[in-house]
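Reading through the structure tokens given below for one structure.
2 protein chains.
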Amino acid sequence: MNVTLRQLRVFEAVGRLKSYTRAAEELYLSQPGVSMQIKQLESNLGIALFEQLGKKIFLTEAGHELYQASRIVDNQLDETEQILEDLKGVRRGRLMIAVASTANYFAPRLLAVFSARHEAVTVNLDVTNREGLISHLEANDSDMVIMGLPPQKLELEAEAFMENPLVVIAPPDHALAGKKAITIQRLQEETFIMREPGSGTRIAMERFFAEKRAQLTTAMEMSSNEAIKQAVQAGLGLGIVSLHTLELELEMQRLVVLDVESFPILRHWYIVQRKGKRLSPVARAFKDFVLEESGKILQYPLLRT
Amino acid sequence: MNVTLRQLRVFEAVGRLKSYTRAAEELYLSQPGVSMQIKQLESNLGIALFEQLGKKIFLTEAGHELYQASRIVDNQLDETEQILEDLKGVRRGRLMIAVASTANYFAPRLLAVFSARHEAVTVNLDVTNREGLISHLEANDSDMVIMGLPPQKLELEAEAFMENPLVVIAPPDHALAGKKAITIQRLQEETFIMREPGSGTRIAMERFFAEKRAQLTTAMEMSSNEAIKQAVQAGLGLGIVSLHTLELELEMQRLVVLDVESFPILRHWYIVQRKGKRLSPVARAFKDFVLEESGKILQYPLLRT
DNA sequence: TGAAACGATAAGTAAATACTTATGGTTATA
DNA sequence: TATAACCATAAGTATTTACTTATCGTTTCA
Numbered sequence: 066m067n068v069t070l071r072q073l074r075v076f077e078a079v080g081r082l083k084s085y086t087r088a089a090e091e092l093y094l095s096q097p098g099v100s101m102q103i104k105q106l107e108s109n110l111g112i113a114l115f116e117q118l119g120k121k122i123f124l125t126e127a128g129h130e131l132y133q134a135s136r137i138v139d140n141q142l143d144e145t146e147q148i149l150e151d152l153k154g155v156r157r158g159r160l161m162i163a164v165a166s167t168a169n170y171f172a173p174r175l176l177a178v179f180s181a182r183h184e185a186v187t188v189n190l191d192v193t194n195r196e197g198l199i200s201h202l203e204a205n206d207s208d209m210v211i212m213g214l215p216p217q218k219l220e221l222e223a224e225a226f227m228e229n230p231l232v233v234i235a236p237p238d239h240a241l242a243g244k245k246a247i248t249i250q251r252l253q254e255e256t257f258i259m260r261e262p263g264s265g266t267r268i269a270m271e272r273f274f275a276e277k278r279a280q281l282t283t284a285m286e287m288s289s290n291e292a293i294k295q296a297v298q299a300g301l302g303l304g305i306v307s308l309h310t311l312e313l314e315l316e317m318q319r320l321v322v323l324d325v326e327s328f329p330i331l332r333h334w335y336i337v338q339r340k341g342k343r344l345s346p347v348a349r350a351f352k353d354f355v356l357e358e359s360g361k362i363l364q365y366p367l368l369r370t
Numbered sequence: 066m067n068v069t070l071r072q073l074r075v076f077e078a079v080g081r082l083k084s085y086t087r088a089a090e091e092l093y094l095s096q097p098g099v100s101m102q103i104k105q106l107e108s109n110l111g112i113a114l115f116e117q118l119g120k121k122i123f124l125t126e127a128g129h130e131l132y133q134a135s136r137i138v139d140n141q142l143d144e145t146e147q148i149l150e151d152l153k154g155v156r157r158g159r160l161m162i163a164v165a166s167t168a169n170y171f172a173p174r175l176l177a178v179f180s181a182r183h184e185a186v187t188v189n190l191d192v193t194n195r196e197g198l199i200s201h202l203e204a205n206d207s208d209m210v211i212m213g214l215p216p217q218k219l220e221l222e223a224e225a226f227m228e229n230p231l232v233v234i235a236p237p238d239h240a241l242a243g244k245k246a247i248t249i250q251r252l253q254e255e256t257f258i259m260r261e262p263g264s265g266t267r268i269a270m271e272r273f274f275a276e277k278r279a280q281l282t283t284a285m286e287m288s289s290n291e292a293i294k295q296a297v298q299a300g301l302g303l304g305i306v307s308l309h310t311l312e313l314e315l316e317m318q319r320l321v322v323l324d325v326e327s328f329p330i331l332r333h334w335y336i337v338q339r340k341g342k343r344l345s346p347v348a349r350a351f352k353d354f355v356l357e358e359s360g361k362i363l364q365y366p367l368l369r370t
């Protein structure tokens with residue numbers, strides 16, 4: 066179809082007003098200008114769109130069909146234009162975030178606040194493991210990723226926005242509970258429930274103990290923090306998890322944080338995205354929001370045990 | 066929106082193929098040609114549609130929106146083009162016919178046959194009185210009109226396509242039933258059930274008797290042929306109607322046609338349309354069909370009584 | 001590390017587009 | 001019947017469009 070949008074718009078006006086002259090006025094054109102557009106359109110389509118009987122013009126059947134079509138097309142484009150207009154601002158948009166599973170304990174709260182402020186923004190949150198996060202970054206199908214340990218391989222931009230203290234947890238009735246300044250030495254007498262190799266927490270932990278030249282006994286490996294906490298509660302051993310995951314358990318006194326020397330291991334949470342990625346206004350706004358306000362919103366439990 | 070269809074189509078190809086170069090190949094363009102169209106489009110919209118990360122390109126959210134829109138627009142136009150293509154031929158289309166109420170006894174049969182031959186054609190039949198037909202012609206909202214007596218006032222083209230004999234009817238037990246060569250003189254002794262003034266049949270009748278210098282006694286006026294036939298059957302008087310309306314009654318011997326001298330009054334059925342009206346292919350086909358084949362399809366009852 | 005793939009940019013151009021004014025021919029209308 | 005309203009046509013033109021080829025810079029991958 067060799068038709069131009071201009072032709073369709075002129076045609077729509079003529080069809081609506083049933084007059085070349087008035088359409089010309091509406092469009093700030095001369096009457097012959099309109100005549101020519103219509104003629105051109107008719108010749109492009111190879112079919113008559115108007116019928117003139119005396120002074121009045123009528124749409125032919127083909128004209129009626131095209132009239133409907135041009136209204137639909139016009140509306141579609143108007144609508145899209147509106148959407149794009151919104152997208153330029155923060156008003157509307159989709160925010161696609163992926164977070165490490167550990168971040169699941171606070172990320173939803175951040176998103177909830179952001180989402181409440183920007184009602185027309187659709188938020189999409191994927192909670193996944195480290196591997197999943199990396200593939201998100203590679204496929205570029207998230208606006209950004211929240212994780213504790215940005216991978217080195219990819220070219221990324223990572224900004225820390227919050228502390229992420231790793232602490233040693235034990236059941237409340239554990240021999241070490243309540244003890245002050247437990248040494249790392251002492252810890253080596255205990256057995257530990259660990260995250261799976263490759264997990265951010267696990268990597269950080271191993272790095273820490275390697276530095277301290279200590280070696281821990283691994284009782285079992287669990288692939289989620291939830292599982293570790295359950296196992297520790299059940300007395301199967303000690304655990305090391307992010308303090309952020311403990312809010313409830315500390316409050317309910319199901320678990321205690323041990324006061325071990327050099328602890329907590331201080332890590333950070335990072336907002337990560339591919340280098341050079343152009344953020345949408347919504348993504349930009351979310352990032353600013355996290356960098357500036359996450360501290361206020363997420364007050365994690367005090368370290369006092 | 067200052068967007069051109071060309072831009073949308075190029076954009077659609079790039080969005081679909083996720084590559085400027087391959088889109089260029091598909092469209093038989095150079096790669097810079099595509100680049101420029103997209104750039105133009107983006108600047109028209111004031112928003113980025115693609116994001117390039119390394120070698121790969123991705124649609125931005127705005128790009129996704131526009132992609133959907135351009136597919137819708139494209140489909141709409143394709144569909145319309147198909148419809149218009151059909152309309153050029155006889156395959157599809159709408160046929161709007163208005164017929165005089167008397168023609169209601171045969172017009173549906175014509176339309177049924179035509180409609181069976183052209184399945185994708187929507188047929189619209191309005192059965193109305195003379196006044197209604199004239200307003201159809203004035204408003205140009207029918208393709209053509211079938212009537213017995215084209216009005217003089219409007220500039221019309223009328224073509225006769227079939228005889229329309231007006232006959233005198235009586236109940237089977239009437240004194241004149243079966244009589245040969247009844248004189249018009251004799252008719253004046255009877256009373257008649259007439260159509261309302263202004264009806265085509267009434268006008269033709271009055272013209273006929275004025276010519277013969279005869280005057281009929283009007284018992285009552287009815288606004289439909291059906292009512293006249295009922296009244297005649299009930300013995301309220303004689304009637305004059307188009308032979309076409311009698312098929313059933315003659316066969317069931319509810320009514321008889323009298324053998325009156327100079328009868329039947331020979332009139333014709335006309336296909337009528339406004340002078341200069343351009344017929345759609347479907348309308349053209351219907352007109353030809355009626356002119357050529359109506360005789361074959363409509364064999365009305367013989368005059369023998 | 002070097003070649004290949006990809007998109008961006010620059011410069012140039014033939015063609016078309018989208019108008020304009022002027023004018024002519026019909027058709028209603030007062 | 002004159003006039004006003006309406007659309008068609010003709011001729012002319014500035015601008016824009018839609019390309020092209022040539023070239024460059026970056027990224028990926030063998």
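The listed protein sequences correspond, in order, to chains A and B. Per the numbering used here, numbering of the first sequence is gapless, rising by one per residue and ending at 370. Per the numbering used here, numbering of the second sequence is gapless, rising by one per residue and ending at 370. Backbone N, C-alpha and C fix where the C-beta goes; we use that ideal spot for every residue, glycine too. This structure is a prediction, so every number in the text was calculated from the model and none was measured.
By Cβ distance, which residues of its chain are closer than 7 Å to residue i, with the 5 residues on each side in sequence left out?
i             : result
residue 155/A : 183, 346, 347 and 350
residue 174/B : 362 and 363
Can you tell me whether residue i is buried or exposed? The criterion is at least 16 other CB atoms within 10 Å of its CB, across all chains shown.
i             : result
residue 235/A : buried
residue 332/A : buried
residue 313/A : exposed
residue 72/B  : buried
residue 219/A : exposed
residue 207/A : buried
residue 93/A  : exposed
residue 339/B : buried
residue 341/B : exposed
residue 109/B : exposed
residue 203/B : exposed
Within a Cβ cutoff of 8 Å, which residues of the same chain sit near residue i, ignoring the five residues on either side of it in sequence?
i             : result
residue 321/B : 234, 235, 236, 237, 239, 242, 243, 315 and 370
residue 189/B : 159, 160, 161 and 162
residue 368/B : Note that residue 368/B has pLDDT 49, beneath the 50 cutoff, so the model's placement of it is unreliable and no number is given.
residue 267/A : 259, 260 and 261
The beta strand (DSSP E) that contains residue i, what's its start and end?
i             : result
residue 160/A : 158-165
residue 332/A : 330-339
residue 211/A : 209-212
residue 287/B : 282-287
Do residue j and residue i have their beta-carbon atoms positioned less than 7 Å apart in this structure?
i             : j             : result
residue 302/A : residue 257/A : yes
residue 192/A : residue 210/A : no
residue 337/B : residue 215/B : yes
residue 135/A : residue 77/A  : yes
residue 148/A : residue 126/B : no
residue 171/B : residue 344/B : no
residue 88/B  : residue 82/B  : yes
residue 253/A : residue 279/A : yes
residue 29/A  : residue 265/A : Past the edges of chain A, shown from 66 to 370, lies residue 29/A, and the structure says nothing about it.
Compare the C-beta of residue i with all C-beta atoms of chain B and state if any pair is closer than 7 Å.
i             : result
residue 200/A : no
residue 352/A : no
residue 123/A : yes
residue 145/A : yes
residue 153/A : yes
residue 221/A : no
residue 369/A : Its pLDDT being 43, under 50, residue 369/A is placed unreliably in this model, and the value from its coordinates should be taken loosely. Not an interface residue.
Where do the N-terminal and C-terminal ends of the alpha helix (DSSP H) with residue i fall, by residue?
i             : result
residue 371/A : Only positions 66 to 370 of chain A appear in this structure, which leaves residue 371/A out of reach.
residue 105/A : 96-110
Residues in the same chain with beta-carbon distance under 6 Å from residue i, minus the five sequence neighbours each way, listed in chain order, please.
i             : result
residue 123/B : 116
residue 354/B : 179
residue 277/B : 249
residue 152/B : 158
residue 360/A : none
residue 185/A : 156 and 157
residue 91/B  : 78
Give a yes or no on whether the minimum CB-CB distance between residue i and chain A is below 7 Å.
i             : result
residue 104/B : no
residue 176/B : no
residue 6/B   : This structure cannot settle anything about residue 6/B, because the visible part of chain B is limited to 66 through 370.
residue 107/B : no
residue 141/B : yes
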